[in-house]
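Heads up: the sequence shown begins at 1246 in my numbering, then just goes up one per residue. Where a beta carbon is used, it is the ideal one built from N, C-alpha and C, also for glycine. See structure below.
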Amino acid sequence: MLLSKRFAGNARFVLAGLGASFAIGASAQTSTTLALPATAIVFAPIYIAADADLWKKRGLEVKLPLIAGPGATNAMVAGSADFASTAVTSVLRAAARGQALQVIATTHEEFLMEVVLSPKAIAEHKISLTGDLASRARSLKGLTLAIDTPLGMPHAYIKSIAAKVGMDADRDFVLTPMQPPNMVSSLKSGAIDGFIFSEPFVSLAVQDGARAVIRNPRDDQPELNPYASNIIATRADFCAKSGDMCAKLVGGLNEALKMMKDDPARAKGIIRGRFPQLSPEALDRSFELIRSTSPATTVTREATLVNTQKFALVSGVLKPEERRDNLSGLFTNQYSQ
């Protein structure tokens, strides 16, 4: 009986100790919020860092709310999110309005938007898929095209194309805001003639018979690249106060980019969990496009920001008086090394 009591007491002590260690482990997890502006495969490093527990193993719990378009950056500026995943044009616009932000990582630096039309729209409007960019763009006049949100990347892209060929996107097209998953179904139903977006929604539409009329900028507008199409931004003073959190967030993204390069099968398997509706062919196409155009690390290059600002000025997303001569103060690579 004495042995049993002693064992029971020891067991309680051990269990209490285990409970304390579990509590310590749980308390070691720091929570943060990274706002996403859309659902798209360009955010692959973020999805991988979350779903492969690359942040959790660093003691960081990251919530990923979806807040459409510039709303993600606005949420971060307002303090309802610590970080925003966005194009650097949002940071440039914020800086022009006196909102001090800082880019702490770049996860993608190529522009990959495409203009996709339904077979019906192509046939009815006799749109050529082989003419030069100017003739293809002008043939879209009057069509109803979906964008994700005003002043988001798709809107900026069609505005830049229109400006290049002497058109006004906001007058010459009917632009309707719509969440990307709805673009594909609306195109199929005939509610819209086309949409402007990136993967995986381009591949989803193409597998149903749609065609990319204005293709990946690598083909149609190579001067747009390099382009900071996805960066991680925060308030300018945030990392000075929470440097460990910033380091853990960027560290997980660097590991995710490495996985995409070194172990693509595992990375693609993780992405499949985020996009179960994709056929194997569409997933292969969209994932390989993102993988082949993703950087090896999250280092931000000033030359990329300079070219992105040039695009923002041409497209009208940024006003001439909002141009910055010195962009070096907008980013840090302290956490990307």
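Three or more Cβ pairs closer than 8 Å define a contact, and the region 1278-1287 meets that threshold against the region 1323-1336. Taking all protein chains shown into account, K1506 has fewer than 16 neighbouring C-beta atoms within 10 Å of its C-beta and is therefore exposed. Put simply, the backbone Cα of V1360 is about 30 Å away from that of L1572. The C-alpha of V1451 lies about 14 Å from the C-alpha of L1374. Of all alpha-carbon atoms in I1459, D1489, E1500 and P1364, the one lying nearest the alpha-carbon of G1435 is that of P1364. The Cβ atoms of L1502 and V1307 do not sit closer than 8 Å to each other. Taking the Cα positions, V1429 is about 7 Å away from L1449. Taking the Cα of Q1522 as reference, the smallest distance to any Cα among V1559, F1446 and T1275 is reached at F1446. Taking C-beta atoms under 8 Å as the contact rule, R1383 and M1412 qualify, at a distance of about 7 Å.
The three-state secondary structure of T1577, taken from DSSP, is coil.
Less than 8 Å separates the beta-carbon of L1337 from that of L1563.
In the structure shown, T1553 falls within a helical segment according to DSSP collapsed to helix, strand and coil.
Taking C-beta separations shorter than 6 Å and ignoring five residues to either side along the sequence, the partners of L1305 in its chain run T1275 and K1493, following chain order. Contact annotation: I1437 and A1408 have beta-carbon atoms that are not nearer than 8 Å.
Annotated three-state conformation of T1538 is helix, per DSSP.
For A1501, the uninterrupted alpha helix (DSSP H) segment begins and ends at G1488 to D1507. Within the region 1395-1464, the alpha helix (DSSP H) runs of at least 4 residues that lie entirely inside it are, in chain order, 1398-1409, 1414-1417, 1425-1434 and 1446-1451. Pairing T1318 with A1295 gives a Cβ-Cβ distance that is not under 8 Å. For A1280, the enclosing beta strand (DSSP E) stretches over residues T1275 to A1280. For R1480, the uninterrupted beta strand (DSSP E) segment begins and ends at N1475 to R1480.
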